[in-house]
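Visitor:
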DNA sequence: GGTGATGTGGGTAACGTTTTCCAAATGTTT
DNA sequence: AAACATTTGGAAAACGTTACCCACATCACC
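Residue numbers (the UniProt record's numbering), protein chains in the order written: chain W, 1 to 342; chain Z, 1 to 342.
1) Whose C-beta lies closer than 7 Å to the C-beta of residue 22/Z among residues of the same chain, with five residues either side of it excluded?
2) What does a CB cutoff of less than 7 Å around residue 332/Z pick up in its chain, not counting 5 residues either side in sequence?
3) Return the bridge partner residues of residue 159/W from the DSSP annotation.
4) Taking 8 Å as the CB-CB limit, is residue 116/W close to chain Z?
5) Is residue 66/W near residue 33/W, with beta carbons less than 8 Å apart?
6) Can you name, in chain order, every residue of its own chain whose Cβ lies under 6 Å from the Cβ of residue 62/Z, other than the five neighbours on each side?
7) State yes or no: is the beta carbon of residue 97/W nearer than 8 Å to at least one beta carbon in chain Z?
8) Note down, in chain order, each residue of its chain lying with its Cβ closer than 7 Å to the Cβ of residue 27/W, except the 5 sequence neighbours on either side.
9) Between the C-alpha atoms of residue 214/W and residue 302/W, what's the straight-line distance to the nearest angstrom?
10) If I measure Cβ to Cβ from residue 177/W and keep anything under 6 Å in the same chain, skipping five residues before and after, which residues do I get?
11) Kindly say whether residue 347/Z, judged by its beta-carbon, lies nearer than 8 Å to any beta-carbon of chain W.
12) Any beta carbon from chain Z within less than 8 Å of residue 111/W's own beta carbon?
13) Where does the unbroken beta strand (DSSP E) through residue 72/W begin, and where does it stop?
14) For my contact list, residue 232/Z and residue 270/Z are in at a C-beta cut-off of 8 Å; report their separation, rounded to the angstrom.
15) Can you tell which of 99/W, 71/W and 137/W has its C-alpha closest to the C-alpha of residue 105/W?
16) Drop a sphere of 10 angstroms on the beta-carbon of residue 42/Z, count the other beta-carbons inside from all chains shown, and report buried for 16 or more, exposed for fewer.
17) Could you give the uninterrupted runs of the alpha helix (DSSP H) lying entirely in the region 220 to 289 of chain W, keeping only those of 4 residues or more?
18) Do you know offhand how far residue 273/W's Cα is from residue 259/W's?
19) What are the residues in the region 283 to 313 of chain Z lying within 9 Å of chain W by C-beta distance?
20) Among 321/W, 311/W, 327/W and 337/W, whose alpha-carbon lies nearest the alpha-carbon of residue 290/W?
21) Please go through the same chain and pick out, in chain order, the residues whose beta-carbon is closer than 7 Å to the beta-carbon of residue 227/W, but skip the five residues on each side of it.
22) With contact counted as at least three CB pairs below 8 Å, one residue from each stretch, are the region 157 to 171 of chain W and the region 310 to 320 of chain W in contact?
23) Can you list, in chain order, the residues of its chain whose CB lies under 8 Å from that of residue 51/Z, leaving out five sequence neighbours each side?
24) Taking residue 138/Z as the reference, give the member of 120/Z, 164/Z, 121/Z and 111/Z with the closest Cα.
25) Which residue from 324/W, 175/W, 327/W and 122/W puts its Cα closest to that of residue 278/W?
26) Residue 37/Z: buried (16+ other C-beta within 10 angstroms of its C-beta) or exposed?
27) Please list, in chain order, the residues of the region 42 to 57 of chain W that have any C-beta partner in chain Z closer than 8 Å.
28) Determine the chain Z residues that contact residue 81/W at a beta-carbon separation under 7 Å, and present them in chain order.
29) Looking only at its own chain, which residues have a Cβ that is under 6 Å from the Cβ of residue 100/Z, when we skip the five neighbours before and after it?
30) Which same chain residues end up closer than 8 Å to residue 164/Z when comparing Cβ atoms and leaving out the 5 residues on each side of it in sequence?
31) Checking contacts by CB at 8 Å: is residue 264/W closer than that to chain Z?
32) Per DSSP, residue 188/Z is paired with what?
33) Look up residue 21/Z in the DSSP assignment and say whether it is helix, strand or coil.
34) Check each candidate in 114/W, 154/W, 249/W and 142/W and name the one with the smallest Cα separation from residue 180/W.
35) Label residue 48/Z either buried or exposed according to how many other C-beta atoms from any shown protein chain fall within 10 Å of its C-beta, with 16 as the threshold for buried.
36) Note the first and the last residue of the continuous alpha helix (DSSP H) segment covering residue 86/W.
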């Protein structure tokens, strides 16, 4: 029953078995300079024979842990899953292992998770749509290589990958205008913090909506319901908009889940989509693509964003003092059955 | 610009600042025996003043890392997110931090992730619906405290938390029979491996379906389309079933996503739900609850499962030699608008 | 006033790597 | 042939904690 707990194979065992020093084994493990091909094969064979695996804890004490931490606000958001796919695909079978914290909402939870990742000596961090103060992000990025995804604004300490949310919103407005719509309303995520007001995607989408409406000479038709990026928020936002003296003929929801809520409210009001009213979302999540829903939506290519983030991060781990980069990707519009000519 | 890289605060700094030994600080950190209240407050103050945070890497080398690893096959499955919620809720603000690997499909990816977690000296593992060989799971559980969620069968090495899938399938069949249905078909996830054939939830659901049909004297009506637990699988499965000489009047899909695919195929065939045909799913995911879909589904209470798994795991970390436990939770049926009397 | 039991605190050796040297051997240039 | 550069390999000191012991003081009890 109680086997004598077979001690884990260590680098010392490997060294002894291969009749070399532990230093030599370490060099082979890290592909470091100073090991001849002969030595390399000899050590690798010993590693295979003993089934040796390096302890990340011990490694972390001196060097790298080969672990990359990903923080995201919400696991249920399918767009974030795409970003993750991109990250893991890019990292492929490099030595890095990706670990993520379960969704963390709010600045406090975010701080806890980031601390936890730093405590665990992660080699790099990918922060997806963080809400923390800019100062805090810069501090973090000063300690550990960091890439921020989905938040606008540049930093001297961390790289950024964002989608061009202003362009995305414009795509929707352009599309609806070309279908003959003029009363185009928007449901936004209510934002109070001043910095986030410029940096968060939701704010950028609202701004893109405004700008595009103005560009089409529709400034008098601008109509925004300010709720939140949730299904509930979409439901309430749409209710508000439908209660207007002059009902909008199209609603641009800032996110797909918001559009779903809006669809629900519209159906409850006895109206049809797109007959009475057109609806567009943002994110092109699996929900939007789902046949019975078939929502017109803006596609952000999360995979691409994730892949870029991972590339930048590995880059920075290798070269911590290089200049920071900001990558902005262009969204595309996927037209489906919830938008139609009026 | 280049600040002199402010060395991290260590336990030694804290000890010096509080004028005690490092041992004393360590004891306070771990709430270990042998520290007076006076010492405790003194050390805690020093910790706060210096902003000290223990290094998980160093801790892992001797003791615990206060990290729990969660492995799940697929991030996009909302049911798994519920389980995770349960885990984190149960762990609350204990000292443990949950980290999870991005979805890993297949035995090979699973092995990699589990190894990675062991390499990182995690204190405990929660494996959600693992497909690895039973032998492998036992090995793993012999090395590190482990709880397996969503896989039937018991083990002397690890605890288990499962939903009673047989009962769940029976709930659906009973419900449909009580509505007057007799030709009730099932879409299952095709399984080949012999062990998994008894242990995986999909196999249990298929078995529960069969058993319940027989219990109602409907053995001649048993009709199974064997595809996969995906939307595509549901689509194809439903197409098969609809092409039967005598069409089923109800379809029990083994998972909500499968039901979605089935709904799509049914709509394409020009039939209505539940007018022409009733459909039920399994998992009661957010998709099922979504108004326009409103799918009758079996609810597993993932949060409850996760909470139980976390409790068992922390238990076992504290007491590694206690007997293993198997917890089985009873599912409930949530009746919505996709099932009706025939 | 011994004799244990109990409470309180610390010294020191692990833990398993990587890093920083250094030495010897080998190759290359003058 | 001397001087120097490069390659190859290893010894030993970190890294920051915890586990294991031991010492001392205090207290209760015969």
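Idealized CB from N, CA, C, for every residue including glycine.
Guide: In brief:
1) By the criterion of a C-beta distance shorter than 7 Å, residue 22/Z is surrounded in its chain by 11, 12 and 15, once the five residues flanking it on both sides are discounted.
2) These residues qualify, in order along the chain: 299.
3) Looking at the DSSP assignment, residue 159/W forms a beta bridge with 147/W.
4) Chain Z contact via Cβ: present.
5) With contacts defined by Cβ atoms closer than 8 Å, residue 66/W and residue 33/W do not form a contacting pair.
6) Within the same chain, residue 62/Z has no close Cβ partners at all.
7) The beta-carbon of residue 97/W is placed less than 8 Å from the nearest beta-carbon of chain Z.
8) Excluding sequence neighbours, residue 27/W sits near 34 and 35.
9) About 29 Å.
10) Take residue 177/W, set aside five residues on each side of it, and the residues of its chain with a beta-carbon closer than 6 Å to its own are 216, in chain order.
11) Residue 347/Z is absent from the structure shown; chain Z starts at 1 and stops at 342.
12) Interface with chain Z (8 Å Cβ-Cβ cutoff): residue 111/W is excluded.
13) Where residue 72/W is concerned, there is no enclosing beta strand (DSSP E), given that its DSSP letter is neither H nor E.
14) Incorrect: roughly 21 Å between the Cβ atoms, too far for contact.
15) The shortest C-alpha to C-alpha distance from residue 105/W to any of 99/W, 71/W and 137/W is the one to 71/W.
16) Residue 42/Z is buried by the Cβ-count criterion.
17) Those alpha helix (DSSP H) runs which fall completely within the region 220 to 289 of chain W and span 4+ residues are 231 to 242, 256 to 268 and 286 to 289.
18) Rounded to the nearest angstrom, the two C-alpha atoms are 12 Å apart.
19) Closer than 9 Å at the C-beta level to chain W, one finds these residues of the region 283 to 313 of chain Z: 286, 287, 290, 291, 292 and 293.
20) Nearest C-alpha to residue 290/W: 337/W.
21) Answer for residue 227/W: 187, 190, 233, 236 and 237, listed in chain order.
22) The region 157 to 171 of chain W is in contact with the region 310 to 320 of chain W.
23) Annotation for residue 51/Z: 9 place their beta carbon closer than 8 Å to its own, counting only its chain and skipping 5 residues before and after.
24) The residue with the shortest Cα to Cα distance from residue 138/Z is 111/Z.
25) 175/W is the residue among 324/W, 175/W, 327/W and 122/W whose C-alpha sits nearest the C-alpha of residue 278/W.
26) Label assigned to residue 37/Z: exposed.
27) So the list reads 53, 54, 55, 56 and 57, given in the order they occur along the chain.
28) Below the 7 Å Cβ cutoff, chain Z contributes 75 and 76 as neighbours of residue 81/W, in chain order.
29) Contacts found: 70.
30) Counting only Cβ-Cβ distances below 8 Å, and skipping sequence neighbours, we find 328, 329, 330 and 331.
31) Yes, because at least one Cβ of chain Z sits closer than 8 Å to the Cβ of residue 264/W.
32) Under DSSP, residue 188/Z takes part in a beta bridge, and its partners are 226/Z.
33) In the three-state DSSP reduction, residue 21/Z falls in the coil class, being neither helix nor strand.
34) If you compare the alpha carbons of 114/W, 154/W, 249/W and 142/W with that of residue 180/W, the shortest gap goes to 249/W.
35) Classification of residue 48/Z: exposed, given that the 10 Å Cβ count is below 16.
36) Taken as a continuous stretch (DSSP letters only), the alpha helix (DSSP H) holding residue 86/W covers 78 to 91.
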